[in-house]
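Okay, structure coming up:
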C-alpha cells in the first residue's frame with residue numbers, strides 16, 4: 010500500500026519542448042487543513058529523497074508541526090514516486106525519459122496546490138538542497154500566494170562549481186559499462202557514484218573531528234557505506250534525471266524572467282530567511298549572499314555547523330534547533 | 010632521448026614487506042653543484058606529475074633559480090618515470106606492482122642525494138601537494154642535513170576527508186569494466202577519474218569568478234577537458250599506485266616515529282614555512298595549523314588565493330610571488 014497520493018496532471022509540455030505523458034505528481038500531506046485554509050506549508054523534496062525523507066523535519070517538537078500546520082510534500086519528478094525514468098510507461102521510460110526542470114516541477118506543484126487542493130495562500134515554502142531551489146522558484150513565480158520562504162542549503166541558480174561536482178558523480182555512474190538500458194542495476198557505477206558523492210556531502214572538519222560517530226557510524230568507511238546504501242535504493246536513470254534538473258536549476262530560466270536572475274530574485278517579495286551551512290561544499294554561503302542582496306525582503310542566516318551540506322538534513326540536533334528558530338519566526342509572520 | 014637520469018637502487022624492501030625489484034629512481038638536476046656542495050635544493054614531485062611539471066617553479070625570475078642553486082627533482086615511484094606499474098618488468102608490473110609509501114620514496118631519495126650525488130647538506134626541501142608531504146618526511150627523518158622545508162598545499166599526514174576524496178576518484182576509475190589487466194587503457198574510467206578530480210582541484214569561488222579564463226580556458230568544461238588530457242597521459246595503474254601512497258601518507262608511520270605524529274613533527278628542526286592555499290578543498294589550512302603548532306621552528310603562512318589546490322601549481326602569478334617571497338626568506342637563511 011503506497012503511503013502517498015497521486016495527482017494526475019495529464020500530458021504536461023515541459024520547458025524542454027518534450028511532453029511528459031500522463032504525468033503523475035506523488036504527494037503526501039501531513040496534518041489537517043484548517044477550515045480557513047490558511048495553515049499551509051509546502052515542502053518540496055531534495056535530490057534522491059522522497060517525502061518520507063522529509064519527515065525528520067516534522068519530528069515532535071520541531072517547528073514544522075503537523076498538529077498545527079497542513080504540510081504538503083510534493084515529490085520531485087525523477088525521484089521514483091512522481092513520474093520518473095523508473096516508473097514511466099514505455100516507450101518514454103528509462104533513458105528515454107524527458108528532461109524536467111525545477112520550473113516544470115513548481116508549475117505542476119502549483120496546480121496540485123490550487124486546482125487539486127483548493128488552496129490559495131501558503132504560509133511557508135521550505136526546502137532543503139534541491140528543495141531549497143524549488144522554494145526560491147515558488148517565491149519568484151507565485152509571490153502573491155507565498156508569505157515566506159526558507160531555502161536551506163540551496164540556491165536560486167546552480168553555481169558553476171556545483172554543476173562541475175555533479176559532472177563528477179555523473180561520470181562515475183556512467184563509467185559502469187552496464188549503464189544504459191540495463192535489466193539489472195549498474196551496481197558498480199552506483200557504488201562509485203555514492204563514494205564520490207560522500208566526499209562532497211559533509212565537510213573536511215566533520216571527518217577530522219570524527220563527527221560521524223554522532224550519526225551512529227564507526228568510521229569514515231562506515232559512513233560511506235551508509236550513503237552507498239542510500240543511493241543504491243534509487244534507480245540509476247532516476248538519479249541522472251534529477252541531476253539534469255539540478256544542473257539546470259535557475260529560477261530565472263523561464264518565460265516570465267527570461268534569464269534575468271536579478272529580476273527573478275527581485276520578484277521574491279515573500280519574507281525569506283536563507284540558510285546555507287557555513288561548511289557546505291557545493292551550496293555555498295557566498296552564492297546565497299549574492300542572491301540575498303538582490304531580494305527585497307530576505308535575510309542571510311548561515312547555519313554555523315561543520316556538518317557541511319548535511320546540516321539541514323534533520324540529523325544534527327544543534328543544527329535542527331538553529332533552523333527551527335528561524336522557521337518559527339517565519340511562521341509567526 | 011630521456012631528459013633525465015636513473016639511479017639504480019637495486020632491490021628495495023618496502024614498508025609493506027614487499028620487494029621493489031631493480032628499483033629505479035628517475036631524477037633530473039637543474040643548475041650546477043657549487044664546489045662547496047652547499048647550494049642544494051630538493052624538490053620531490055606531486056601526484057600525477059613528473060620532473061618536467063615542476064619546471065614552472067624554476068622559471069626565470071623565480072626564487073628557485075637554477076643559475077644559483079643545484080636543484081634535484083626526484084620522481085615519485087608510480088609516476089611513470091621512476092619504478093611504476095607501467096614500467097616495471099613482469100611479473101611485478103601493472104596491478105601486481107607493490108604498494109610504496111612516501112617514507113619508502115624519501116629513504117630512496119636520501120640514498121640518491123648522499124650515496125650517488127655525494128651531498129650532505131640541503132638548503133631547502135620544497136614540494137607541492139604530495140611533494141609537500143615528502144618535504145615534511147625529509148624534515149622529520151633527516152633533520153641534521155635539511156636546513157629548511159617549504160610544504161606547499163600538503164600535509165604531514167593525509168586527513169580523513171582527503172582520504173575519502175581519493176576514494177571517490179579511485180572508485181570512478183575502477184567503475185570502468187576495462188580496468189584491470191587491460192591491453193588498451195580504460196579510457197572511460199580515466200575520463201571519469203579526471204572529471205571527479207577536476208571538481209576538487211580548484212575552489213568554488215574560482216569557478217564563480219571565471220578565473221579559468223586566466224588559465225587560458227573558455228569555460229568550466231574547457232577546464233575539465235584540460236585535466237582529462239592531463240591525467241589521460243598517465244597509466245591507470247600508475248595513478249592508482251600513487252593514490253595508495255597518498256592515502257597512506259603519514260610522516261610518523263615508520264620505525265623511527267612509530268605512529269607518534271607529534272614526535273615526528275617535533276623532529277622537524279629545520280625552519281619551515283608551511284603554505285596551504287586558503288581555498289584548497291583537500292589539503293586544508295586547519296590541518297597545517299594543527300601540525301605547525303607541534304613543530305619547533307615552523308610558521309603557517311596561508312596563500313591568500315581562490316585558486317584552491319592549484320594555487321601552488323606555478324600558473325597564477327600573484328600566488329607565485331607570494332610563494333617566492335617565502336622561499337627567498339628560507340634560502341637567505
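Residue numbers (our numbering), protein chains in the order written: chain A, 10 to 342; chain C, 10 to 342.
Even for Gly, the Cβ is constructed at its ideal location relative to N, Cα and C.
Predicted model, so just to flag it, every value in this text is computed and none were measured.
Let me know if residue i comes out buried or exposed under the rule of 16 or more other beta-carbons within 10 Å of its beta-carbon.
i: residue 190(A); result: exposed
i: residue 10(C); result: exposed
i: residue 165(C); result: buried
i: residue 265(C); result: exposed
i: residue 269(A); result: exposed
i: residue 107(C); result: buried
i: residue 59(A); result: buried
i: residue 138(C); result: buried
i: residue 232(A); result: buried
i: residue 243(A); result: buried
i: residue 222(A); result: exposed
i: residue 228(C); result: exposed
i: residue 279(C); result: buried
i: residue 271(C); result: exposed
i: residue 143(C); result: buried
i: residue 177(A); result: buried
i: residue 213(C); result: buried
i: residue 276(A); result: buried
i: residue 267(C); result: exposed
i: residue 22(C); result: exposed
i: residue 44(A); result: exposed
Taking residue i as part of the beta strand (DSSP E), name the residues at either end of that continuous run.
i: residue 29(C); result: 28-39
i: residue 79(A); result: 79-83
i: residue 64(A); result: From DSSP, residue 64(A) is part of no beta strand (DSSP E); its letter is neither H nor E.
i: residue 161(C); result: 157-161
i: residue 47(A); result: From DSSP, residue 47(A) is part of no beta strand (DSSP E); its letter is neither H nor E.
i: residue 18(C); result: 14-22
i: residue 295(A); result: No beta strand (DSSP E) contains residue 295(A), which is instead part of the alpha helix (DSSP H) from 294-301.
i: residue 280(C); result: 280-283
i: residue 307(C); result: 307-309
Could you check whether residue j and residue i sit closer than 8 angstroms to each other, using their CB atoms as the reference points?
i: residue 290(A); j: residue 209(A); result: yes
i: residue 181(A); j: residue 201(A); result: yes
i: residue 256(A); j: residue 110(A); result: no
i: residue 203(C); j: residue 240(C); result: yes
i: residue 41(C); j: residue 12(C); result: no
i: residue 140(C); j: residue 211(C); result: no
i: residue 175(A); j: residue 207(C); result: no
i: residue 185(C); j: residue 195(C); result: yes
i: residue 112(A); j: residue 262(A); result: yes
i: residue 246(A); j: residue 94(A); result: yes
i: residue 85(A); j: residue 114(A); result: yes
i: residue 117(A); j: residue 183(A); result: no
i: residue 46(C); j: residue 130(C); result: yes
Grab the span of the alpha helix (DSSP H) containing residue i for me, first residue to last.
i: residue 140(C); result: 139-150
i: residue 315(C); result: Per DSSP, residue 315(C) belongs to no alpha helix (DSSP H) and is neither H nor E.
i: residue 128(C); result: Looking at the DSSP string, residue 128(C) is not in any alpha helix (DSSP H), and its letter there is neither H nor E.
i: residue 335(A); result: 326-341
i: residue 218(C); result: Neither: residue 218(C) is in no alpha helix (DSSP H) and is coded neither H nor E.
i: residue 174(A); result: 169-183
What residues in its chain sit with their C-beta under 8 angstroms from that of residue i, if we drop five residues either side in the sequence?
i: residue 352(C); result: Summary: the structure shown does not reach residue 352(C), with chain C confined to residues 10 through 342, and so no result is reported for it.
i: residue 281(C); result: 148, 157, 158, 159, 160, 301, 304, 306, 307, 308
i: residue 67(C); result: 39, 73, 74, 75, 80
i: residue 327(C); result: 314
i: residue 218(C); result: 315
For residue i, which residues from the same chain have a beta carbon less than 6 angstroms from its beta carbon, with the 5 sequence-adjacent residues on both sides left out?
i: residue 331(A); result: 312
i: residue 171(A); result: 291
i: residue 251(A); result: 56, 87
i: residue 78(A); result: 40, 48, 50
i: residue 259(A); result: 166
i: residue 71(C); result: 333
i: residue 145(C); result: 160, 165, 260
i: residue 97(C); result: 106
Return the chain-ordered list of same chain residues with a C-beta closer than 7 angstroms to the C-beta of residue i, the five sequence neighbours on each side being excluded.
i: residue 63(C); result: 52, 54, 82
i: residue 119(A); result: 151
i: residue 294(A); result: 285, 287, 311
i: residue 65(A); result: 323, 324
i: residue 335(C); result: 159, 282, 284, 310
TODO: Quick one: which unbroken alpha helix (DSSP H) runs of 4-plus residues sit fully inside the region 228-276 of chain A? Chain order, please.
DONE: Listed in chain order, they are 229-241, 245-256, 270-275.
- [ ] Ignoring anything shorter than 4 residues or poking outside the region 72-124 of chain A, list the alpha helix (DSSP H) runs there in chain order.
- [x] At a cut-off of 4 residues, the continuous stretches assigned as alpha helix (DSSP H) that sit fully inside the region 72-124 of chain A are 111-120.
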